[in-house]
Amino acid sequence: MIMERLQKILAGAGVASRRKCEELILKGKVEVNGETVTTLGTKADPAVDVITVEGKSIGAEKKLYIVFNKPKGVITSASDPQGRKIVTDYLKGVTERLYPVGRLDYDTEGLLLLTNDGDFAHLLTHPKHHVPKTYIAAVKGVPHGTELDKLKKGILLEDGITAPAEVEYQDIDPEGKHSTISITIHEGKNRQVRRMFEAIGHPVTKLKRIAFGELFLGNLKRGLYRHLTKEEIEGLYKQARIAGKQSKPEKRK
1 MIMERLQKIL AGAGVASRRK CEELILKGKV EVNGETVTTL GTKADPAVDV ITVEGKSIGA
61 EKKLYIVFNK PKGVITSASD PQGRKIVTDY LKGVTERLYP VGRLDYDTEG LLLLTNDGDF
121 AHLLTHPKHH VPKTYIAAVK GVPHGTELDK LKKGILLEDG ITAPAEVEYQ DIDPEGKHST
181 ISITIHEGKN RQVRRMFEAI GHPVTKLKRI AFGELFLGNL KRGLYRHLTK EEIEGLYKQA
241 RIAGKQSKPE KRK
């Protein structure tokens, strides 16, 4: 028998990220051989034990990795109680249950990853890995270089100081009414890019994510998706692991 932690089995079967699977266990929504399990660390053998989540049996699913160009006004979620458009509404022909890797705001468009590989999602979204994400932001006014320097060094928000960002001008209105700026961040705080520009007095009017790590949106049209290549998947895994190693504090000699 090959015994594994229950949350790892669930994540590997594409139920959700490992963290979300832990929440499902704690809420009593997981059963093993007909018995409810609420203790993290419980082990099972997926080849022998019958494992169900909310009454549905899990099985080995084919792993899918998709990049989607999310339109503005779409919810980054697998469901929405208010009945608004969700990202999976656009995945025509995909029968597997897919979950977003991280989030994009309702008013933000651009590159969004979706997968049923919980370990993959966990690796890319874990705070210690700091996988870079690049956005194109249209903002009110034209931030001076000293204001952009604040973003480059890290700026204080209500939930802490941001990590240093990479910022470049893309386009500047001659009348100074608006400008377009490229910004690369290494975290995933809620509405982070919008709050960073608000903090320097230049609110965002339009925001689009164009890259996640070394994966670029390219010419993928709004509302469409494509499957990642094997090389792209391996590249994201590699980048996340390297970033994770670089984020570890050095040991004192």
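Positions 1 to 253 (the UniProt record's numbering) are the ones given, in order, by the sequence shown. Glycine included, C-beta positions come from ideal geometry on N, C-alpha and C.
Local conformation of residue i per DSSP, three classes
i	result
L220	coil
V87	helix
A13	coil
residue 265	Here the chain covers residues 1 to 253 and nothing more, so residue 265 does not appear.
A211	strand
I25	helix
H122	helix
A199	helix
I58	coil
G34	coil
A240	helix
V101	strand
L151	helix
K20	helix
R252	The predicted model places R252 with a pLDDT of 43, which falls under 50 and marks its position as unreliable, so this point remains unresolved.
V204	strand
G235	helix
Cα-Cα separation, residue i to residue j
i	j	result
K253	A163	With a pLDDT of only 41 at K253, under the threshold of 50, the placement of this residue in the model should not be trusted; the figure read from the coordinates follows. Each residue's alpha carbon lies about 26 Å from the other.
N219	G83	30 Å
V142	T125	32 Å
I86	E109	13 Å
V74	D105	8 Å
R226	T76	17 Å
T115	S17	10 Å
L112	T36	34 Å
V48	L40	20 Å
I200	G118	37 Å
L156	V139	19 Å
K27	K56	16 Å
E231	G145	38 Å
I9	S182	39 Å
K128	E22	19 Å
A78	T88	6 Å
E250	V67	A caution first: E250 carries a pLDDT of 45, below 50, which makes its placement in the model unreliable, though a value can still be read off. Cα to Cα, the separation comes out at about 35 Å.
H130	L236	12 Å
Q170	A11	40 Å
V30	Q7	10 Å
P46	T229	28 Å
L224	H202	31 Å
I233	F120	9 Å
S15	K133	What sits at residue 15 in the sequence shown is Val, not Ser. Answer to the nearest angstrom: the Cα atoms are 25 Å apart.
I161	N33	47 Å
T42	I51	12 Å
K153	V167	10 Å
P81	I172	41 Å
G176	A13	52 Å
P71	M3	42 Å
Y65	I58	19 Å
G188	R5	27 Å
R191	T205	13 Å
DSSP bridge partner residues for residue i (one or two, in chain order)
i	result
residue 255	With the chain running from 1 to 253 in the structure shown, residue 255 is simply not present.
P143	According to DSSP, P143 bridges with nothing at all.
L156	I161
A44	E4
N69	L111
T52	E31, S57
D171	T180
Y225	F68
For this session: Count the CB pairs spanning the stretch 90 to 100 and the stretch 190 to 206 that are closer than 8 Å, and state whether there are at least three.
Result: Remark: fewer than three beta-carbon pairs, one from each stretch, lie closer than 8 Å, so the stretch 90 to 100 and the stretch 190 to 206 are not flagged as touching.
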